[in-house]
Ligand SMILES: [Zn+2]
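Residue numbers (the numbering used here): 13 to 209.
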């Protein structure tokens, strides 16, 4: 008698609550509740490196978990006491880290406005690319960013992807002119989502 083949394993869910399962989770204490009834419809792209232009260390994780040794580098002095976070960080090699559940409000955009709505942290997901504002980014980062935006658009009513420079013009310049918006739009291939429009 031929035995039936075992049932295929159930596909691993992409999300568990507001946590994307493809990401390595590192919990940040820097978050709060989103306002009741808010729709998460915006993705904000940032760039960060600590110290600026140096890649691969653990200073970003330390900053977002309030464990950065502010005395370890002269640049860090200006960050002393700062409590910030983003939902995601994408390293230069495309590795994805998640610090805050997307169901929660992370602290990445600061004073900001999008389509006449202020306080973008309320209704956005923040993604930091390890990089230098004005510099270029790696192919692996575009790939990972595109798949992350697609996963977000499957779970939330995402309508636009914008840079920090677009929601806080004059105050913020990341990710800057070295970021290739047409490449992201093409790689993500999402209809109905505006990219830095
Ligand atoms: Zn930023």
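Every residue gets a Cβ at the ideal spot worked out from N, C-alpha and C, and that includes glycine. What you are looking at is a predicted structure, and each value in this text was computed from that prediction instead of being measured.
Nearest to residue i (by Cα), restricted to the options the options
i           : options           : result
residue 147 : 38, 19, 66        : 66
residue 188 : 143, 96, 63       : 143
residue 61  : 38, 135, 149      : 149
residue 56  : 183, 173, 108     : 173
residue 96  : 111, 103, 105     : 111
residue 100 : 169, 43, 195      : 43
residue 48  : 151, 134, 38      : 134
residue 64  : 186, 127, 24, 203 : 186
residue 37  : 46, 191, 102      : 102
residue 190 : 25, 73, 177, 181  : 177
Euclidean distance between Cα positions of residue i and residue j
i           : j           : result
residue 130 : residue 34  : 31 angstroms
residue 29  : residue 116 : 10 angstroms
residue 167 : residue 122 : 24 angstroms
residue 88  : residue 21  : 47 angstroms
residue 197 : residue 27  : 23 angstroms
residue 137 : residue 86  : 30 angstroms
residue 207 : residue 201 : 11 angstroms
residue 156 : residue 193 : 14 angstroms
residue 77  : residue 109 : 12 angstroms
The beta strand (DSSP E) enclosing residue i, as first and last residue numbers
i           : result
residue 99  : First-last for residue 99: undefined, no H or E at that position.
residue 110 : 108–110
residue 172 : 172–175
residue 117 : 116–118
residue 72  : From DSSP, residue 72 is part of no beta strand (DSSP E) but of the alpha helix (DSSP H) over 71–76.
Boundaries (first-last residue) of the alpha helix (DSSP H) holding residue i
i           : result
residue 195 : 193–200
residue 155 : 151–167
Bridge partner(s) assigned by DSSP for residue i
i           : result
residue 207 : 173
residue 55  : 137, 173
* Asked: What residues does ligand 1 have around it, judged by CB closer than 5 angstroms to any heavy atom, in chain order?
  -> 58, 176, 186
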